[in-house]
Each structure stands twice: as C-alpha cells, then as structure tokens.
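Quick note, the sequences are listed as chains A and B, same order.
The first sequence begins at 136 in our numbering and counts up by one.
The second sequence begins at 50 in our numbering and counts up by one.
Comments concern the structure below.
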Amino acid sequence: MLTIALSKGRILEQTLPLLKRANIEISEEELSSRKLILNTNNENVKIIIIRATDVPSFVQHGAADIGIAGKDVLMEHGAVGLFELLDLNISKCSLMVAATSKEMLDQQTLKIATKYVNCTKQYFQQKGQQVEIIKLYGSMELAPKVGLSHCIVDLVDTGNTLKANGLKPLEHIIDISSRLIVNVASYRTKNKQIRGYVSKIKGKL
Amino acid sequence: MSAWELPDGIDELTGDQAIAFENSRRKLLDLYQEKGFGLVIPPMVEYVESLLLTSESLNLKTFKFLDSSGGRLLGIHADITPQIARIDAKKSCNSVEKYCYINAILQTSADDFYSTRSPIQAGAELYGSEDIAADIEVIELMLESLKLLSIDSIVLSIGNVGIFNSIIEQEDLTSEQYVLLRRIFQSRSAPDLNVFLSNTKLINADKFEKLMSLEGGSKTLTDALTIFNGNSKAERSINDLIEIDEYFSNKGVEVIYDLAELKSYEYHTGVVFSTYSKNFSKALAQGGRYNGLGESFGKYKNNRSATGFSFDLKFLSQYI
C-alpha cells in the first residue's frame with residue numbers, strides 16, 4: 136500500500152495530470168466527495184487530502200509515503216527526515232520582500248510581517264540585518280499600510296495583490312515551486328514501487 | 050504546571066514495557082559478550098571538549114553547564130561514540146578492541162517525532178581494524194541485535210561517506226557552503242543541488258550530480274566505479290562496498306546501496322549503514338566507520354580505525 140499526501144486547490148489540480156501519467160487516477164466522484172482518504176484506480180495507492188502546511192509532517196512521520204508540497208512549506212517546516220526528489224515545476228511563484236518603498240527597508244531593526252517566520256529569519260540573518268518578526272496568518276499586505284510592520288515577506292505570483300495595496304516587490308528571496316517528497320523509511324522499504332512512480336512522473340516533466 | 054508532568058521529550062518505562070526493556074537489555078549484553086565485545090559504562094557528564102569533538106550537530110544536541118568547582122564547561126552525553134573514542138585512546142594500544150554499551154543519554158532535541166530526548170542508546174564499536182571484515186562484523190551484529198528484538202522484514206541500506214569526501218576535498222568551499230551542500234545531500238534534493246551548482250563553481254559539479262542519484266541494487270556499485278574511474282579514493286570506497294555486497298549476496302538480507310548517504314553526525318569517514326523495517330517509518334539502527342575520532346585525544350599519530358552501530362533500545366523495546 137502506498138499513500139500520497141496532497142492538499143486541495145491549485146496543487147491538487149496541477150498534480151492530477153502528473154499522477155495520471157504514472158497511471159494513478161482519481162475518479163470525479165471521489166474528488167467531489169468530502170472524503171479525506173480517496174481511492175484511486177490502483178487499489179494499492181490511496182490519496183489523503185490534508186492542509187498544504189501539514190504535508191511535510193505527514194510524510195516525515197510516515198503517515199504518508201509520498202507528498203507534494205511547495206518549497207515555501209518545506210523550508211518553513213525544516214523538512215528533516217524526508218527526501219525531496221523532484222521539482223514538479225507546478226504552482227510556481229517567488230518568496231519576496233515587499234514594502235511601500237525601498238526606503239522602508241532602511242531600518243536599524245526591520246519589522247516584518249509574515250507567515251514564513253523561519254525563512255525570513257534565515258534570509259535576513261544571512262544578510263546581517265537585525266529583524267523583528269510578527270507572525271500573521273493572512274492579509275499580510277495590510278501590515279505596512281496600518282503601521283504594524285515596515286515590510287512583509289510573502290509569496291508573489293502576478294504581483295497584482297501587492298500593487299492593489301500600494302506595495303512593491305523589492306527583494307527576491309527564492310523561487311518557489313512544488314516538490315515531490317518521500318519518507319526516508321518508505322523509500323527504503325518500498326524502494327522499487329516508489330522509484331517506479333517517481334521515474335514515470337520525472338520522465339514526463 | 051502539574052507536579053507530575055515530565056518535560057517535553059522525557060519519558061519513562063513502567064510495567065510490561067520496563068520488563069521487556071530489561072529482558073532485551075540482558076539478552077543483548079549476553080550476545081555482545083559472547084561475540085567478544087566488552088562492556089563499558091561511560092560517565093553521564095564529561096568536559097565538552099571530549100564529548101563534542103568536531104561535530105557541530107552533536108554540539109547542538111548536547112546539554113551544557115558550568116562546573117562551579119573549576120569553571121570549565123561540562124556536557125551531558127548526547128552520544129556514546131565520542132566517549133568510546135576517549136576510552137580507547139586512553140588505552141593507547143594498537144590491537145583490535147571491541148566495546149559495547151547500553152546507556153541512557155540526553156539530547157536537547159529528539160531525533161524525530163517518535164524519539165524522545167532521553168533515549169537509551171545500545172551499541173557496539175570495533176577499534177583498530179581497517180579491514181572491511183570489521184565493517185561486516187558490526188553490520189552482522191547490528192542485524193543480529195534487531196533479530197533478537199524480534200524485528201523482521203529488515204532492509205539494510207549501505208553507503209560510503211568516503212566517496213563524497215573524496216570529491217569535496219578537492220573543492221574550496223566556505224564552511225557555510227559545506228554545511229549547505231551536506232544538507233542538500235541529506236535531503237537528496239536534486240532541485241536544490243542544481244541551484245547550488247549554478248551559484249557555486251565546483252570542479253566536481255557533474256560528480257556531485259551523479260552521486261546524488263547513485264542508489265539501488267548491486268548494479269549501483271558497478272555504475273559508481275565507471276563514474277569515479279581515476280579517483281583512487283572513491284574507487285577504494287566503492288570496492289569496499291563491492292566486498293560487502295559479495296558477502297551479503299547469499300545472506301537473505303535485502304540490501305540497498307545509497308552512495309549519497311552522509312549521516313547526521315560529521316565524524317563518519319567510510320562505510321555507513323542503516324536498517325529499516327516495513328513496520329517502522331524511521332531508521333531503527335545505524336552506524337558506520339569513523340576513523341581518526343580518537344586523534345582529538347592526542348594519543349595516535351596515525352588514524353585509529355573504528356566502526357560501530359547504535360540504536361535506541363527504549364524505543365524498540367516498546368514494540369516487542
């Protein structure tokens with residue numbers, strides 16, 4: 136039995152064609168149900184639907200053998216104890232520093248609003264910039280506008296949301312895309328099975 | 050806080066679990082004595098210099114405090130291996146020495162979700178033999194230990210850190226770049242390796258790329274010989290694995306070769322190995338060769354060869 140962890144939304148939509156090429160298909164009926172464990176056309180493969188941020192934990196602890204997670208989620212989680220085998224080149228965007236103007240970044244101690252606390256800390260540590268981080272769970276763009284922070288660190292796709300809220304993308308931290316991750320023990324004990332699926336998916340990328 | 054509450058990652062064994070642990074401990078010690086591995090009981094506390102050696106990962110895992118009587122920094126052992134290196138160095142001999150131990154250790158952070166910060170580490174170490182037969186002897190003893198604990202469906206994963214070391218020693222990397230490259234290999238992240246190689250000029254860039262994907266059955270080793278043709282250190286490391294492969298070919302053990310395996314502690318220098326079982330989502334026992342660890346104690350001009358394994362007996366005894 137092989138369990139694959141996916142999150143609903145863009146990642147699920149963009150992953151389905153990749154899985155299909157590896158002969159793993161989920162029926163429309165299963166997809167539209169409210170079930171969290173989905174059957175596939177292969178009785179030995181199950182899909183579990185979880186929050187994007189939980190995918191690394193499920194895979195790390197062996198509750199799922201394989202998972203698809205964004206690089207942002209993996210960096211924030213730490214992703215120790217799992218293998219990150221493929222860049223699927225889907226759900227692409229960038230992790231960026233944004234503020235109303237470049238001058239806002241010129242602070243003795245920079246106040247930053249973000250949900251990516253670890254990535255932010257690491258990035259500014261490497262730059263040698265003292266920062267204070269406020270963890271927010273959404274509506275990040277509001278923070279500089281209401282004086283909560285000098286800037287934000289967030290994912291930027293088209294940049295339209297930033298623009299609509301008077302912010303500019305100023306520093307590029309890292310390119311983000313979805314990665315295929317595997318539990319280390321599963322990769323050993325189900326080696327042939329997992330390598331078979333991975334090479335089929337890789338071959339089609 | 051309630052008075053009965055234990056700190057995060059600290060647990061205890063009671064009732065049947067405690068009995069199962071103690072029975073296993075006795076059986077393991079009998080096995081190790083029978084195989085000629087002498088019991089050592091290292092102290093819980095030592096000066097940090099002898100506990101940490103050169104491992105930054107071990108440094109982060111070790112609880113430290115100031116010795117008020119002398120002002121020196123003490124540490125609580127987070128891994129027994131450096132202590133065995135000290136004990137062996139103190140003997141100052143050139144003969145083959147075999148040690149075993151079953152000791153409670155303490156770590157600042159658990160290895161993983163299923164581990165605690167207070168494992169009871171069981172293990173065996175063989176000093177003074179460079180021969181591949183020594184590696185095979187400790188791997189065999191590790192497998193026998195797991196069999197004794199009724200762990201079945203074992204998959205043995207074997208690598209050789211010597212291959213990675215043979216190419217990285219030719220590169221001029223900063224310590225940050227070295228740590229990052231190790232981390233990339235530990236997560237087998239081919240995408241991150243591509244980014245690293247595009248940002249950092251390496252003489253052996255193509256070799257690092259190929260090394261990361263070198264895993265599988267016996268054929269992996271012949272492929273590796275072709276890739277590292279002309280690199281005598283890497284060839285020697287691969288030939289060691291070929292000898293191991295020949296030995297295990299008819300032993301009924303499922304073996305996977307993973308040549309990108311580096312292990313979490315930096316002191317490993319040669320053949321490294323881990324065991325997995327279908328019923329567990331983490332490595333159950335692991336170890337490898339760590340020649341020269343005793344050099345820190347100033348006794349040996351030459352590398353004192355050593356290899357060994359360890360596992361968390363407290364964790365495994367819960368499943369017996």
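All C-beta atoms, glycine included, are put in the ideal place defined by N, C-alpha and C.
Buried or exposed: where does residue i fall if 16 or more other Cβ atoms within 10 Å of its Cβ makes it buried?
i, result
"D292 of chain A", "exposed"
"T271 of chain B", "exposed"
"L115 of chain B", "exposed"
"E148 of chain A", "exposed"
"C254 of chain A", "buried"
"H126 of chain B", "buried"
"F162 of chain B", "exposed"
"Q170 of chain B", "buried"
"I136 of chain B", "buried"
"K250 of chain B", "exposed"
"C142 of chain B", "exposed"
"G336 of chain B", "buried"
"Q195 of chain A", "buried"
"S168 of chain A", "exposed"
"K312 of chain B", "buried"
"E25 of chain B", "This structure gives no information on residue 25 of chain B, because the portion of chain B shown stretches from 50 to 369."
"K76 of chain B", "exposed"
"Q219 of chain B", "exposed"
"E339 of chain B", "Sequence inspection shows Tyr at residue 339 of chain B; the Glu mentioned does not correspond to that position. When all chains shown are included, Y339 of chain B counts as buried."
"V266 of chain A", "buried"
For the alpha helix (DSSP H) that residue i lies in, which residues bound it at each end?
i, result
"Q195 of chain A", "190–195"
"L230 of chain A", "Segment 228–234 is the beta strand (DSSP E) holding L230 of chain A; no alpha helix (DSSP H) there."
"D207 of chain A", "206–212"
"F297 of chain B", "281–297"
"E148 of chain A", "145–156"
"A199 of chain A", "Per DSSP, A199 of chain A belongs to no alpha helix (DSSP H) and is neither H nor E."
"S366 of chain B", "362–366"
"L223 of chain A", "Unbroken run through L223 of chain A: none, as it is neither H nor E."
"N300 of chain A", "Note, N300 of chain A: premise wrong, no alpha helix (DSSP H); not H, not E."
"V252 of chain A", "252–262"
Where does residue i sit, in a helix, a strand or coil, going by DSSP?
i, result
"R314 of chain A", "strand"
"L290 of chain A", "strand"
"R338 of chain B", "strand"
"A52 of chain B", "coil"
"N326 of chain A", "helix"
"N72 of chain B", "helix"
"T356 of chain B", "strand"
"V304 of chain B", "strand"
"Y332 of chain A", "helix"
"F329 of chain B", "coil"
"E95 of chain B", "strand"
"E238 of chain A", "helix"
"G370 of chain B", "This structure leaves residue 370 of chain B out entirely; chain B is present only between 50 and 369."
"S104 of chain B", "coil"
"E83 of chain B", "helix"
"F218 of chain A", "strand"
"G64 of chain B", "helix"
"T165 of chain B", "coil"
"K312 of chain B", "coil"
"S321 of chain A", "helix"
"L283 of chain A", "coil"
"I369 of chain B", "coil"
"I212 of chain B", "helix"
Note the first and the last residue of the continuous beta strand (DSSP E) segment covering residue i.
i, result
"T138 of chain A", "137–141"
"T318 of chain B", "Looking at the DSSP string, T318 of chain B is not in any beta strand (DSSP E), and its letter there is neither H nor E."
"V381 of chain B", "Given a span of 50 to 369 for chain B in the structure shown, any question on residue 381 of chain B remains unanswerable."
"E174 of chain B", "169–176"
"L190 of chain B", "Element bounds for L190 of chain B: not the beta strand (DSSP E) but the alpha helix (DSSP H), 181–197."
"K246 of chain A", "245–249"
"F277 of chain B", "No beta strand (DSSP E) contains F277 of chain B, which DSSP labels as neither H nor E."
"K270 of chain A", "266–270"
Handout entry: beta strand (DSSP E) segments (min. 3 residues) lying fully within the segment 106–160 of chain B
Key = Listed in chain order, they are 113–115, 122–125, 146–153.
Problem - Entirely enclosed alpha helix (DSSP H) segments - the segment 216–268 of chain B, minimum 4 residues - result: Counting whole runs of 4 or more residues, the segment 216–268 of chain B contains the alpha helix (DSSP H) stretches 224–235, 239–248, 254–261.
Handout entry: the segment 150–161 of chain B: positions lying closer than 8 angstroms to chain A by Cβ
Key = So the list reads D161, given in the order they occur along the chain.
Exercise for the section: Pull out every residue of the segment 239–254 of chain B whose Cβ sits closer than 9 angstroms to any Cβ of chain A, in chain order. Expected result: If the cut-off is 9 angstroms between Cβ atoms, the segment 239–254 of chain B has A239, P240, D241, N243, V244 near chain A.
Handout entry: 4-residue-minimum alpha helix (DSSP H) runs that sit fully inside the segment 163–188 of chain A, ordered along the chain
Key = Listed in chain order, they are 163–167.
Handout entry: Contact list for the segment 223–234 of chain B against chain A, Cβ threshold 7 angstroms
Key = Within the segment 223–234 of chain B, no residue qualifies.
Practice task
Pull out every residue of the segment 98–124 of chain B whose Cβ sits closer than 7 angstroms to any Cβ of chain A, in chain order.
Solution key: Contacts with chain A (Cβ-Cβ distance below 7 angstroms) from the segment 98–124 of chain B involve no residue at all.
Handout entry: Contacting positions in the segment 178–199 of chain A - beta carbon closer than 9 angstroms to chain B
Key = S192, Q195, H196, G197, A198: these are the residues of the segment 178–199 of chain A whose beta carbon lies less than 9 angstroms from some beta carbon of chain B, given in chain order.
Exercise for the section: With 9 angstroms as the limit, tell me which residues of the segment 149–175 of chain A have their beta carbon closer than that to any beta carbon of chain B; keep them in chain order. Expected result: Flagged: no residues at all.
Practice task
Note down, in chain order, all residues in the segment 301–324 of chain A with a beta-carbon under 9 angstroms from any beta-carbon belonging to chain B.
Solution key: Contacts with chain B (Cβ-Cβ distance below 9 angstroms) from the segment 301–324 of chain A involve I309, D310, S312, R314, I316, V317, N318, V319, A320, S321, Y322, R323, T324, listed in chain order.
Problem - Contact set between the segment 296–307 of chain B and chain A, restricted to residues whose Cβ is under 7 angstroms from the partner - result: Against chain A - using a Cβ distance shorter than 7 angstroms - the residues of the segment 296–307 of chain B are I305.
Problem - Interfacial residues, the segment 327–359 of chain B to chain A, with Cβ spacing under 8 angstroms - result: The residues in question are K327, F329, S330, K331, A332.
Practice task
Quick one: which residues of the segment 252–275 of chain A get their C-beta closer than 9 angstroms to a C-beta of chain B? List them in chain order.
Solution key: Answer set for the segment 252–275 of chain A: Q261.
Practice task
Name, going along the chain, the residues of the segment 307–322 of chain B whose beta-carbon falls closer than 7 angstroms to a beta-carbon of chain A.
Solution key: Answer set for the segment 307–322 of chain B: empty.
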